[in-house]
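**Student:** Residue 188 in this note's numbering sits at position 40 of the sequence shown, with consecutive numbering throughout. Virtual Cβ for every residue (Gly too), placed ideally from N, Cα, C. Given the structure is predicted, the values throughout are model-derived calculations rather than measurements.
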Amino acid sequence: MREQAFDVVLLDIAMPDKNGIDTLRVIKQVRPEQGVLILSG
């Protein structure tokens, strides 16, 4: 677990072996206040 918070998560929507939308759901469950910037190619 990280000891220090971070301001923004930079998330690729098309990751190999993972779905960016599912990853976003997990992030928001763990840290609902977390800012997320999603990229798409």
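Using alpha carbons as the reference points, say which of Leu187, Glu181, Ile186 and Ser188 lies closest to Ala153.
**Tutor:** Of the listed residues, the one whose Cα sits closest to Ala153 is Glu181.
**Student:** Taking only the alpha-carbon atoms, compute the straight-line gap between Leu187 and Ile161 and give it to the nearest angstrom.
**Tutor:** Going by the C-alpha atoms only, they are around 6 Å apart.
**Student:** Work out the CA separation of Gly189 and Lys176 for me, nearest whole Å.
**Tutor:** Looking at the two C-alpha atoms, the distance is approximately 23 Å.
**Student:** Alpha carbon to alpha carbon, how far is Ile169 from Val157? Give it in angstroms, no decimals.
**Tutor:** Taking the straight line joining both Cα atoms gives about 13 Å.
**Student:** So what's Asp165 in DSSP terms, helix, strand or just coil?
**Tutor:** Here Asp165 sits in coil by DSSP.
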